[in-house]
Amino acid sequence: MAIESLVKENIKSLRPYEIPDIPCSVKLDAMENPYDLPEEIKELVKEKVGGFNRYPDPLSNDLRKSIASYLGIDKEEIMVGNGSDELILNILLTFKSNQVIFPTPTFAMYKILAQVANSKPVGIPLSNEFELDDEVILATADADSIIFLAYPNNPTGNCFSKEKMLRIVEEAEGLIVIDEAYFEFSKETFLSVIDSYPQVIILRTFSKAFGLAGLRCGYLVAHPELVKALFKVKLPYNLNSFSQIVAGCVMENFRYLLQPQINQIITQRERLYLFLKKINGIIPYPSDANFILFKTTNVPANTIFSELVEEGVLIRNLTEDIPNCLRVTVGTEQENNTFMEKLDKICRKY
Ligand SMILES: Cc1ncc(COP(=O)(O)O)c(C=O)c1O
Numbered sequence: 046m047a048i049e050s051l052v053k054e055n056i057k058s059l060r061p062y063e064i065p066d067i068p069c070s071v072k073l074d075a076m077e078n079p080y081d082l083p084e085e086i087k088e089l090v091k092e093k094v095g096g097f098n099r100y101p102d103p104l105s106n107d108l109r110k111s112i113a114s115y116l117g118i119d120k121e122e123i124m125v126g127n128g129s130d131e132l133i134l135n136i137l138l139t140f141k142s143n144q145v146i147f148p149t150p151t152f153a154m155y156k157i158l159a160q161v162a163n164s165k166p167v168g169i170p171l172s173n174e175f176e177l178d179d180e181v182i183l184a185t186a187d188a189d190s191i192i193f194l195a196y197p198n199n200p201t202g203n204c205f206s207k208e209k210m211l212r213i214v215e216e217a218e219g220l221i222v223i224d225e226a227y228f229e230f231s232k233e234t235f236l237s238v239i240d241s242y243p244q245v246i247i248l249r250t251f252s253k254a255f256g257l258a259g260l261r262c263g264y265l266v267a268h269p270e271l272v273k274a275l276f277k278v279k280l281p282y283n284l285n286s287f288s289q290i291v292a293g294c295v296m297e298n299f300r301y302l303l304q305p306q307i308n309q310i311i312t313q314r315e316r317l318y319l320f321l322k323k324i325n326g327i328i329p330y331p332s333d334a335n336f337i338l339f340k341t342t343n344v345p346a347n348t349i350f351s352e353l354v355e356e357g358v359l360i361r362n363l364t365e366d367i368p369n370c371l372r373v374t375v376g377t378e379q380e381n382n383t384f385m386e387k388l389d390k391i392c393r394k395y
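In structure tokens, the structure reads:
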């Protein structure tokens, strides 16, 4: 029997998600928080961690309570997942999604998971200034579609125009997911719209500002009726006990222990941006997140990428999606210094 004939049609054309293993001492490719967890939080975790012989709380009640109190909302409006990736998949499996609409370029998982869920992915190009085409989005969306808007957007780094976002929220048919994975860096949110627009879901993650990318934890905020529907699809023990404990400790101590890290990253982002602006042949785009997209005009992006790797610095090469564009994650001051020094050296060579 041909094994291929067993695979669903919508899966056949997909490729497994791969991240090439390129060992570099300075890793600035994945929008992670470059700092380890503060010792105080590690101590709290040690006190709370118990045996792993029991299943985790299937409702993640303690963690949802911590998130609810941080946001000043009700726990029934929150669901947590094994990374926001899992929440995106659950949204697609729960709600009508003949079409999954997103601007391009944007976070790759909207398209990939739409294909997995057998929905039709519809990418709507951003303008040259990376702004939404609200006209086309509204003309395309119908009652059976889901619109995904990353705010700030990855990989462009910008928050879209508030007016355009609100227009989509007010006028679009179907569900709208606003992915605020980088909220702590932009400080801009649409959280308050869910009271008036129950078709809006806000997505957040612990992988970026909260520094827990390795623990796979994300959450969404939505009308309790939407959350109830999502719980029908959620796997019973989707978030392991350890992640629930650590995410809870981080959330409860965020303002005192993590906020200083975020402030550092924002300061470093501004420093990196100004530096990139001064380099001949580099055009950086303003960022509201913890990464900066930049275009190379004199030297091909592929060359800059591989020469940086040779120097031990890993960033993300996006040239296949956005010609001659690269994305650098803001690291520690020292990591950023190394990146700037090596990039400057490479650019001066050509
Ligand atoms: C916009 C956006 N949403 C979600 C994610 C993924 O988050 P998680 O690690 O919670 O799956 C990313 C990761 O890069 C992202 O850029």
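Each residue of the sequence shown is one higher than the one before, starting from 46 at the first, in the working numbering. In this text, a Cβ means the ideal position worked out from N, Cα and C, and glycines have one as well.
Restricting to Cα atoms, I'd like to know which of the options is closest to residue i.
i	options	result
residue 303	82, 204, 46	82
residue 230	167, 237, 178, 306	306
residue 333	286, 325, 201, 237	201
residue 244	274, 369, 259, 260	274
residue 358	382, 367, 365	382
residue 255	238, 223, 279, 308	308
residue 203	316, 158, 151	151
residue 26	361, 294, 211	Coverage of the chain is limited to positions 46 through 395, which leaves residue 26 absent and any answer about it impossible.
residue 178	154, 205, 47	205
residue 311	62, 331, 143	331
residue 269	118, 363, 156, 171	118
residue 110	101, 92, 122, 100	122
residue 148	213, 125, 387	213
residue 154	388, 171, 135	135
residue 125	58, 272, 185, 79	272
residue 352	386, 172, 49	386
residue 133	217, 57, 238, 247	247
Measure the CB-CB distance between residue i and residue j and report whether it falls below 8 angstroms.
i	j	result
residue 175	residue 198	yes
residue 137	residue 221	no
residue 189	residue 219	yes
residue 265	residue 292	no
residue 341	residue 327	yes
residue 73	residue 367	no
residue 345	residue 325	no
residue 139	residue 278	yes
residue 146	residue 185	yes
residue 226	residue 129	yes
Can you give me the start and stop residues for the alpha helix (DSSP H) that residue i sits inside?
i	result
residue 240	238 to 241
residue 109	106 to 116
residue 224	No alpha helix (DSSP H) contains residue 224, which is instead part of the beta strand (DSSP E) from 220 to 224.
residue 290	286 to 297
residue 247	Run containing residue 247: none in the alpha helix (DSSP H); it sits in the beta strand (DSSP E), 245 to 250.
residue 55	54 to 57
residue 269	269 to 278
residue 91	84 to 93
residue 231	228 to 231
Can you tell me where the beta strand (DSSP E) with residue i in it begins and where it stops?
i	result
residue 336	336 to 341
residue 124	123 to 126
residue 263	263 to 266
Exercise. When you get a sec, list the residues whose CB is within less than 5 angstroms of any heavy atom of ligand 1, chain order please.
Key: 128, 129, 130, 152, 195, 199, 224, 226, 250, 252, 263
Quiz item: Could you give the uninterrupted runs of the beta strand (DSSP E) lying entirely in the stretch 133 to 207, keeping only those of 3 residues or more?
Solution: 144 to 149, 165 to 170, 190 to 195
Exercise. Can you check the stretch 323 to 377 for any beta strand (DSSP E) of at least 3 residues that lies completely inside it and give the ranges in chain order?
Key: 327 to 329, 336 to 341, 370 to 374
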